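Trainee: Chains as they are written, first to last, in the numbering used here: chain A, 423 to 695; chain B, 42 to 237; chain C, 9 to 93.
Can you keep this structure in mind? I'll have questions shortly.
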């Protein structure tokens with residue numbers, strides 16, 4: 423049976439990795455209304471948008487936000503979506519870049535009731551979907567390893583959330599590197615996921631300051647720490663890595679050294695070192 | 042559709058009468074990249090001019106022994122920013138072409154890393170262009186095209202090829218990298234020759 | 009200089025193609041490597057977007073935009089493979 427014939431809807435996805443069968447809703451320009459805007463960490467804001475006409479999005483997808491000045495000048499940037507599913511409620515979590523043009527505006531200026539132009543949902547490559555019963559393809563039995571650097575956790579959180587919402591039996595692990603405990607995005611939600619019935623293990627690494635009583639010192643992830651935390655290569659996990667360009671490239675090259683097949687590693691770089 | 046985002050004005054855009062049409066003044070020096078930054082050691086650096094009859098070559102020491110000009114000029118990027126009164130030191134293309142014989146009228150500039158851009162020869166001579174290695178009193182840093190870049194300030198700055206390694210004479214005005222991909226063959230900022 | 013990967017192309021190219029180009033695969037004319045465009049190294053600047061092979065840095069594609077015009081070049085690939093969805 424060909425992959426294409428088993429596919430009619432996004433939730434009936436045959437394989438988490440099968441590019442051949444990936445259906446995503448058509449991207450379009452929409453206007454979202456800010457229904458909530460709060461600080462998520464000292465340097466980041468969570469913005470909930472109600473997007474009229476939003477067709478829903480898969481976990482891992484992103485959207486582009488376009489800001490327009492009165493003289494017509496525009497600036498557009500991509501942001502991963504922290505939510506997934508068919509609803510028109512779209513959750514973003516935005517890290518403020520010190521010399522950014524768009525992120526400082528979104529984090530510091532945007533308030534309830536504001537309207538933002540968004541383009542999406544975008545991206546069919548960096549996506550995870552729950553496997554569905556007898557239509558599950560050959561990749562459905564493979565465990566999933568997520569590796570997040572800082573704000574790179576946003577699309578991976580969306581995947582972990584989708585995994586829990588579907589009560590999906592796939593073993594999931596998230597290795598999440600954050601500067602300090604205050605910099606952890608969705609901290610409470612992540613703890614809930616670790617306690618939920620869908621198998622999910624969370625490993626946190628702090629690079630600048632650890633919580634009281636933490637067994638290790640604050641330090642950047644090393645190849646050894648990565649090897650100790652991630653699902654071993656011989657279990658053939660599908661791996662998603664997201665964070666700054668520097669973080670992603672360090673981690674991806676270590677994973678390949680540890681024996682993971684490059685084709686099984688999907689990466690999304692947020693720029694920067 | 043004229044959607045305007047409440048509260049957004051972008052970075053300040055300063056105008057000035059001395060600017061070509063469509064330009065705004067900047068005081069920093071934006072870096073535009075099309076690929077990884079080449080890292081070239083001056084010990085390995087070479088500049089060549091290739092004509093129909095042969096190749097002229099200079100290594101870094103030979104290059105530094107040539108007459109060096111102090112240049113004070115305005116530069117204009119097709120992405121709408123301009124800088125006024127930028128200072129450079131470099132070797133004039135007139136000096137480099139002193140002993141070069143060619144019947145051909147067009148030049149393709151080649152850079153380390155593969156970038157190319159085309160310029161008519163007569164737009165590089167008569168005090169119009171340099172191979173520059175110092176900007177604002179300091180050695181040109183790699184992200185701005187160091188160790189040396191072409192400097193052709195009367196045209197849009199994409200013609201001032203970073204990491205220049207040589208010039209190749211051509212009998213026709215063949216498009217270089219950006220010119221193949223949407224940009225104007227000539228690139229005069231005063232006529233706003235930006236795109237095809 | 010920072011770069012991204014081909015995931016960022018999804019938005020800019022969505023306006024010109026009816027399918028998600030980032031999952032299309034292409035063979036690099038420079039080194040022969042075959043990969044999804046999402047895996048390519050992408051350099052973005054106001055002058056334009058340059059898509060390079062992750063294996064050999066060869067320019068695969070370019071995108072220049074100005075107002076209501078865009079120029080899309082696929083100079084470094086011989087063809088792109090798209091699967092029926």
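Using N, Cα and C, we set each Cβ at its ideal position, and we do this for glycine too.
Being a predicted model, the structure only gives us computed values, none of them experimental.
1. Identify the contact partners of residue 153(B) in chain C, using a Cβ-Cβ distance below 8 Å as the criterion.
2. Kindly indicate if chain B contains any beta-carbon less than 7 Å away from that of residue 690(A).
3. Smallest Cα separation from residue 566(A): which of 549(A), 450(A), 517(A) and 574(A)?
4. Counting only beta-carbon atoms, is residue 73(B) nearer than 7 Å to chain C?
5. Would you say residue 44(C) lies against chain A (beta-carbon separation less than 7 Å)?
6. In whole angstroms, give me the CA-to-CA distance for residue 33(C) and residue 175(B).
7. Quick check: what's the CA-CA separation for residue 582(A) versus residue 659(A)?
8. What in chain B is Cβ-close to residue 536(A), meaning under 9 Å?
9. Strictly below 8 Å CB to CB, what residues from chain D border residue 74(C)?
10. What residue does the beta strand (DSSP E) around residue 20(C) start on, and which one ends it?
11. Using a cut-off of 8 Å between C-beta atoms, extract the partners of residue 491(A) located in chain B.
12. Counting Cβ pairs closer than 8 Å, one from the segment 506-522 of chain A and one from the segment 49-63 of chain C, do we hit at least three?
13. Counting only beta-carbon separations shorter than 7 Å, does residue 40(C) have a partner in chain A?
14. Assign residue 144(B) to one of three DSSP states: helix, strand, or coil.
15. Between residue 90(B) and residue 141(B), which are expected to be in contact by the criterion C-beta below 8 Å, what is the C-beta distance as a whole number of angstroms?
16. Where does residue 166(B) sit, in a helix, a strand or coil, going by DSSP?
17. Using 7 Å as the limit for Cβ to Cβ distance, is residue 497(A) near chain B?
18. Compare the C-alpha of residue 584(A) against each of 534(A), 570(A), 602(A) and 508(A) and name the closest.
19. Quick check: the Cα distance between residue 22(C) and residue 485(A), rounded to an integer number of angstroms?
20. Indicate whether at least one CB of chain C lies closer than 7 Å to the CB of residue 136(B).
21. Going by the CB atoms, is the gap between residue 62(C) and residue 48(C) shorter than 7 Å?
22. Between residue 70(C) and chain B, is any beta-carbon pair separated by less than 7 Å?
23. Just confirm the distance between the C-beta atoms of residue 36(C) and residue 66(C), as a whole number of angstroms; I'd bet it's less than 8 Å.
24. At what residues does the alpha helix (DSSP H) containing residue 672(A) begin and finish?
25. Just the Cα atoms here: how many angstroms apart are residue 42(C) and residue 473(A)?
26. State the Cα-Cα distance for the pair residue 544(A) and residue 689(A), rounded to the nearest angstrom.
27. Should residue 39(C) go down as buried or exposed, given a rule of 16 or more other Cβ atoms within 10 Å for buried?
28. Excluding five sequence neighbours on each side, which residues of the same chain lie with their C-beta closer than 8 Å to the C-beta of residue 534(A)?
29. Mind listing the chain B neighbours of residue 474(A)? Cutoff is C-beta to C-beta under 7 Å, in chain order.
30. Take residue 104(B) as the anchor and find which of 217(B), 76(B) and 173(B) has the nearest alpha-carbon.
31. Going by C-alpha distance, which of 231(B), 211(B) and 44(B) is nearest residue 496(A)?
32. Applying a beta-carbon distance threshold of less than 9 Å, which residues of chain B neighbour residue 523(A)?
33. Taking Cβ-Cβ distances shorter than 7 Å, what residues in chain C pair up with residue 119(B)?
34. Please state the DSSP three-state secondary structure of residue 124(B).
35. What does the Cβ neighbour count give for residue 49(B), buried or exposed, with the cut at 16 atoms within 10 Å?
Mentor: With the structure as the only source:
1. Stepping through the second chain from its first residue, residue 153(B) is reached at position 112. Here the premise fails: no neighbours, minimum Cβ distance about 12 Å.
2. Start at 1 with the first residue of the first chain, and residue 690(A) comes out as number 268. Answer no: the Cβ-Cβ gap between residue 690(A) and chain B never drops below 7 Å.
3. Here residue 566(A) refers to the residue found at position 144 of the first chain. Out of 549(A), 450(A), 517(A) and 574(A), 549(A) has the C-alpha closest to the C-alpha of residue 566(A).
4. Taking the first residue of the second chain as position 1, residue 73(B) is located at position 32. Closer than 7 Å to some Cβ of chain C, the Cβ of residue 73(B) qualifies, so yes.
5. Stepping through the third chain from its first residue, residue 44(C) is reached at position 36. For residue 44(C), the answer is yes, since a Cβ of chain A falls inside 7 Å of its Cβ.
6. Numbered from its first residue, the third chain carries residue 33(C) at position 25. Numbered from its first residue, the second chain carries residue 175(B) at position 134. Each residue's Cα considered, the two are about 43 Å apart.
7. Numbered from 1 along the first chain, position 160 holds the residue referred to as residue 582(A). Numbered from 1 along the first chain, position 237 holds the residue referred to as residue 659(A). Answer to the nearest angstrom: the Cα atoms are 15 Å apart.
8. The count along the first chain starts at 1 and reaches residue 536(A) at position 114. The answer, in chain order, is 46, 47 and 48.
9. Absent here is chain D; the protein component of the structure consists of chains A, B and C.
10. By 1-based counting over the third chain, the position of residue 20(C) is 12. It is not in any beta strand (DSSP E) - residue 20(C) instead sits in the alpha helix (DSSP H) that spans 18-22.
11. Working through the first chain from its first residue, we reach residue 491(A) at position 69. In chain order: 45, 46, 49, 50 and 51.
12. no
13. Taking the first residue of the third chain as position 1, residue 40(C) is located at position 32. Not closer than 7 Å to any Cβ of chain A, the Cβ of residue 40(C) fails to qualify, so no.
14. Taking the first residue of the second chain as position 1, residue 144(B) is located at position 103. In this structure, residue 144(B) counts as coil in the three-state DSSP scheme.
15. Against the second chain, residue 90(B) aligns to sequence position 49. Against the second chain, residue 141(B) aligns to sequence position 100. Indeed they touch by this definition, with Cβ atoms about 5 Å apart.
16. The residue you call residue 166(B) lines up with position 125 of the second chain. Reduced to three states, the DSSP call for residue 166(B) is coil.
17. The residue you call residue 497(A) lines up with position 75 of the first chain. It does: the Cβ of residue 497(A) has a partner Cβ on chain B nearer than 7 Å.
18. Here residue 584(A) refers to the residue found at position 162 of the first chain. With distances taken between Cα atoms, residue 584(A) lies closest to 508(A).
19. In the third chain, the residue the question calls residue 22(C) occupies position 14. In the first chain, the residue the question calls residue 485(A) occupies position 63. Whole-angstrom Cα-Cα distance: 11 Å.
20. On the second chain, residue 136(B) is found 95 positions in, with the first residue counted as 1. So no, residue 136(B) is outside the interface.
21. Residue mapping note: residue 48(C) aligns to position 40 of the third chain, counting from 1. Residue mapping note: residue 62(C) aligns to position 54 of the third chain, counting from 1. Yes; because the gap between Cβ atoms is below 7 Å, this pair is in contact.
22. Residue 70(C) sits at position 62 when you count from the first residue of the third chain. Yes - at least one Cβ of chain B is within 7 Å of the one on residue 70(C).
23. The residue given as residue 36(C) occupies position 28 in the third chain. The residue given as residue 66(C) occupies position 58 in the third chain. Residue 36(C) to residue 66(C), Cβ: 5 Å. Contact.
24. In the first chain, residue 672(A) corresponds to position 250, counting from 1. It spans 667-679 - the alpha helix (DSSP H) in which residue 672(A) sits, taken as one unbroken run.
25. Working through the third chain from its first residue, we reach residue 42(C) at position 34. Working through the first chain from its first residue, we reach residue 473(A) at position 51. Cα to Cα, the separation comes out at about 37 Å.
26. Working through the first chain from its first residue, we reach residue 544(A) at position 122. Working through the first chain from its first residue, we reach residue 689(A) at position 267. In a straight line, the C-alpha of residue 544(A) is about 15 Å away from that of residue 689(A).
27. As a first step, residue 39(C) must be located in the third chain, where it is residue number 31. Counting Cβ neighbours within 10 Å, residue 39(C) comes out exposed, since fewer than 16 surround it.
28. Position 112 of the first chain, counted from the first residue, corresponds to residue 534(A). Contacts found: 456, 457, 458 and 459.
29. In the first chain, residue 474(A) corresponds to position 52, counting from 1. Simply none; closest approach about 13 Å.
30. Walking along the second chain from the start, residue 104(B) turns up at place 63. Cα-wise, what sits closest to residue 104(B) is 173(B).
31. Sequence index remark: in the first chain, residue 496(A) carries index 74 (1-based). Comparing Cα positions, the closest option is 44(B).
32. Taking the first chain and counting its residues from 1, one reaches residue 523(A) at position 101. Per Cβ cutoff of 9 Å: 51 and 52.
33. Numbered from 1 along the second chain, position 78 holds the residue referred to as residue 119(B). Near residue 119(B) (Cβ distances below 7 Å), the residues of chain C are 55.
34. Residue 124(B) sits at position 83 when you count from the first residue of the second chain. Strand at residue 124(B).
35. As a first step, residue 49(B) must be located in the second chain, where it is residue number 8. The residue in question, residue 49(B), is buried, as its Cβ has 16 or more Cβ neighbours within 10 Å.
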